[in-house]
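J.:
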Amino acid sequence: MESLGTDAMSGAPLADRSRSRGRSRQRAVGIIAAIALLSGIFIFAANRSTKGATGSLYSCDLDPAPNVDVDCVGADLSGANLRGLVLIRANFNGANLTNADLRGSNLTEADLTGADLMDADLTGADLTDTTWSNTTCPDGSLQSGLEACNGETDRAGTRNEKIAFMISEDSGTTINSMNADGTAATFISEGATPAWSPNGEKIAFTSTRDGNDEIFVMNTDGSDPQNITNNPQYDNFPSWSPNGEKIAFTSTRDGNEEIFVMNTDGSDPQNITNSPESDSRPSWSPNGEKIAFTSRRDGNEEIFVMNTDGSDPQNITNSPESDNLPSWSPNGEKIAFTSTREGNIAIFVMSADGSDPQNITNNQDLDIFPVWSPNGQIIAFTKVIFGDSSPTLQIFRMNADGSNSRPITSTETKAIATSWR
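Now the structure itself:
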């Protein structure tokens, strides 16, 4: 199998450490070094309710039925016993109802916008006139005729959003896909840093199969992989333009890490950063007009935004600590990123101009690699968990404000999510 082609945080090649040892030492104070040095981190466990239908469950007051206009906005009701309750016009906007028992309940006119109902038991529930915008639902368990949770006309669960992720093993790194709830994990190919094309028909990724780190493009089932960079230096972290016509990537072909843009067949590669310091990990804005990236040109790792031709680069983080791995929200209004500005490694979300940065994981764990869902409601990320032996990388998902965080991969793998479609 492949070796992991790059340092997962900064983009430095792992397959060719001798070539980049000087650069790696310079980045030793970066995030990946912090991960390697920290240990004994408390392992996250989702808090699951065991209360019955009566009494107070977090922020949601569910006294004996019937209830009308109950406010359960953002409530954590995972695993709750709500069997047989009458909850007319209840507002479950953004609530976590995973594994909840809702058998025989009456949820007429309930607002389930952004709610997570994965693995909830809805057998016999009355869901008349409920609102299902951007709701996560269990496949095939909803009553006949109900519209899809995403507000479209598909049946629930048929939209089939997929997360591409990589698994690091002693023998190398593989590319895999899974449903957005973590089910149906499927091996695709050997390689790293997978990125879905905008139309969902291709995956760009990094591979060392030709001797060094190169960008390949393949079909989503792993067939027909094509080396589109074919360069003796390392090329990594592909990011598709929204129209699917260009790929931005990190390359050392001009002597240090720079952001390049090429056509999707690999032709006409252009260095758009041309900086003496490291520039890496590009993320294309949804409107196709900007590229966010990580740069050390101001002395430490910062998030910059530039035009797609490399002009007008702006430092939008300006923090003395490390800011890395930018990811644009689907509407282009926010950027999620990884930062050490509050001491530990956390996921932050800021406005696209860098204002109002908010720590949304806000714990003592090590949280990296934020990836937005297509509707902008959910962020997947990777949690570094230190056990008795080597660290485990586990993929979590949470609401875009950081609430309702839960794992979607096991602790037995080292998994990093990199793309969601």
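Quick note: the sequence shown uses our numbering, first residue 27, plus one each step.
C-beta atoms are modelled at their ideal positions from N, C-alpha and C, and glycine is treated no differently.
Buried or exposed: N357, going by 16 or more other Cβ atoms within 10 Å of its Cβ?
T.: Classification of N357: exposed, given that the 10 Å Cβ count is below 16.
J.: Mind checking whether S306 and I317 have CB atoms under 8 angstroms apart?
T.: No, these two residues do not count as a Cβ contact at 8 angstroms.
J.: Taking all protein chains shown into account, do 16 or more other C-beta atoms lie within 10 angstroms of the C-beta of F263, making it buried, or fewer, making it exposed?
T.: Result: buried.
J.: Report the residue ranges of all alpha helix (DSSP H) runs contained in full by the region 216-245; include only those spanning at least 4 residues, in chain order.
T.: Fully enclosed alpha helix (DSSP H) runs of 4 or longer: not present.
J.: Anyone know if the C-beta pair for F363 and I329 falls short of 8 angstroms?
T.: A contact, by the Cβ cut-off of 8 angstroms.
J.: Report yes if the CB atom of V287 is closer than 8 angstroms to the CB atom of S353, and no otherwise.
T.: Not in contact: V287 and S353 (Cβ atoms no closer than 8 angstroms).
J.: What's the call for G277, buried or exposed, on a 16-neighbour Cβ count within 10 Å?
T.: Here residue 277 turns out to be Ser, not Gly, going by the sequence shown. It counts as buried.
J.: In this structure, how does DSSP classify A174 when only helix, strand and coil are distinguished?
T.: For A174, the predicted structure reports a pLDDT of 38, less than 50, and the residue's modelled location is therefore unreliable. The matter cannot be settled from this model.
J.: If the criterion is Cβ atoms closer than 8 angstroms, does the pair P383 and F374 meet it?
T.: Yes.
J.: Based on DSSP bridge pairs, tell me the residues matched to L432.
T.: Here the sequence assigns Arg to residue 432, which means Leu is not the residue at that position. Paired residues: R423.
J.: Am I right that L123 and D142 are in contact with their C-beta atoms under 8 angstroms? What's the rounded C-beta distance?
T.: About 6 angstroms; that satisfies the 8 angstroms criterion.
J.: Taking the alpha-carbon positions, what's the R432 to I411 distance?
T.: Each residue's alpha carbon lies about 14 angstroms from the other.
J.: Which whole-angstrom value describes the C-beta separation of A372 and N388, a residue pair presumed to lie in contact below a C-beta threshold of 8 angstroms?
T.: Indeed they touch by this definition, with Cβ atoms about 7 angstroms apart.
J.: Under 6 angstroms Cβ to Cβ from E347, same chain only, skipping five residues before and after it: list those, please.
T.: T366, R367, listed in sequence order.
J.: Given W222, which residues of its chain have a CB within under 8 angstroms of its CB, disregarding the five upstream and five downstream residues?
T.: Contacts found: K188, A190, K228, I229, T246, W266, S445, W446, R447.
J.: Whose CA, out of D324, S311, G325, lies closest to the CA of M332?
T.: With distances taken between Cα atoms, M332 lies closest to S311.
J.: Which of helix, strand or coil does DSSP assign to V112?
T.: Note: V112 maps to strand in three-state DSSP.
J.: If we count the other Cβ atoms within 10 Å of its Cβ and call it buried at 16 or more, is S359 buried or exposed?
T.: For the sequence presented, residue 359 should be read as Glu rather than Ser. E359 should be labelled exposed.
J.: Give the secondary structure of S18 by DSSP, where H, G and I count as helix, E and B as strand, and everything else as coil.
T.: With the chain running from 27 to 447 in the structure shown, residue 18 is simply not present.
J.: Checking contacts by CB at 8 angstroms: is A206 closer than that to chain D?
T.: No chain D is part of this structure, which consists of one protein chain only.
J.: Which of helix, strand or coil does DSSP assign to T290?
T.: Reduced to three states, the DSSP call for T290 is coil.
J.: Mapping the DSSP letters down to three states, classify T255 as helix, strand or coil.
T.: Note: T255 maps to coil in three-state DSSP.
J.: Which residues share a DSSP beta bridge with E284?
T.: E284 pairs with S277.
J.: Unbroken beta strand (DSSP E) runs of length 3 or more, entirely within the region 326-370: which are they?
T.: Entirely contained in the region 326-370, the beta strand (DSSP E) runs reaching 3 residues are, in chain order, 328-333, 349-354, 360-365.
J.: Are I241 and T234 close, meaning C-beta to C-beta below 8 angstroms?
T.: Not closer than 8 angstroms, so no.
J.: If you count every other CB in all the chains shown that lies within 10 Å of the CB of T219, and 16 or more means buried, which is it?
T.: So T219 ends up on the buried side.
J.: Measuring only the C-alpha atoms, how far is S345 from G336?
T.: If I take the Cα positions, the gap works out to 22 angstroms.
J.: Could you tell me the distance, in whole angstroms, from the CA atom of G380 to the CA atom of D349?
T.: Roughly 11 angstroms separates the two Cα atoms.
J.: What do you get for N132, buried or exposed, if any count of 16 or more other CB atoms within 10 angstroms of its CB means buried?
T.: By the 10 Å Cβ count, N132 comes out buried.
J.: Less than 7 angstroms between C-beta atoms, sequence neighbours within five positions excluded: which residues of the same chain meet that for D280?
T.: The residues are N297.
J.: Can you list, in chain order, the residues of its chain with a C-beta nearer than 6 angstroms to that of S301? Leave out the 5 residues immediately preceding and following it.
T.: Only R323 meet the Cβ criterion.
J.: If we ignore side chains and look at the alpha-carbon of each, how far apart do A289 and G270 end up?
T.: The question names Ala, yet the displayed sequence has Asn at residue 289. Straight-line Cα distance between these residues: approximately 9 angstroms.
J.: Where does K440 fall in DSSP's three states?
T.: Reduced to three states, the DSSP call for K440 is coil.
J.: Please report the Cβ distance between A146 and A126, rounded to the nearest whole angstrom; I am assuming they are in contact, meaning their Cβ atoms lie under 8 angstroms.
T.: With a Cβ gap of about 5 angstroms, A146 and A126 count as contacting.
J.: May I ask which residues mark the beginning and end of the beta strand (DSSP E) holding D95?
T.: Careful: D95 lies outside any beta strand (DSSP E) and carries neither H nor E.
J.: Note down the Cα distance separating L113 from N107, rounded to an integer number of angstroms.
T.: The straight-line gap from Cα to Cα measures roughly 13 angstroms.
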